[in-house]
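Undergrad: Residue numbers (our numbering): 1 to 88.
(1) Quick check on residue 29: does DSSP put it in helix, strand or coil?
(2) So is residue 43 buried or exposed if we call it buried at 16+ other beta carbons inside 10 Å?
(3) May I have the straight-line CA-CA distance separating residue 82 from residue 15, to the nearest angstrom?
(4) Between the C-alpha atoms of residue 80 and residue 56, what's the straight-line distance to the nearest angstrom?
(5) CA-CA distance, residue 38 and residue 63?
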């Protein structure tokens, strides 16, 4: 039962990831593309973390910690560069 629920969650997140990729390809605004790129990254990390509940892995928690660190700094810096159009 639990595996079925987790598999359903992975499928829903994968569909959201594909919709986000479609929006990323179709939009022309740079700021919207940056936000959609963050959405794709967060969806991939979430799918991996749910997958680790189904499969034993040695680095599941390390990936979560690294993703939390990366998700906090890199999107902020890239969003600032996009808003300022590369000016310093």
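Backbone N, C-alpha and C fix where the C-beta goes; we use that ideal spot for every residue, glycine too.
Keep in mind that this is a model prediction, so the values were computed, not measured.
TA: On the basis of the coordinates in this document:
(1) Note: residue 29 maps to coil in three-state DSSP.
(2) By the neighbour-count rule (16 or more Cβ atoms within 10 Å), residue 43 is buried.
(3) Answer to the nearest angstrom: the Cα atoms are 27 Å apart.
(4) The straight-line gap from Cα to Cα measures roughly 38 Å.
(5) Distance from the CA atom of residue 38 to the CA atom of residue 63, rounded to whole angstroms, is 16 Å.
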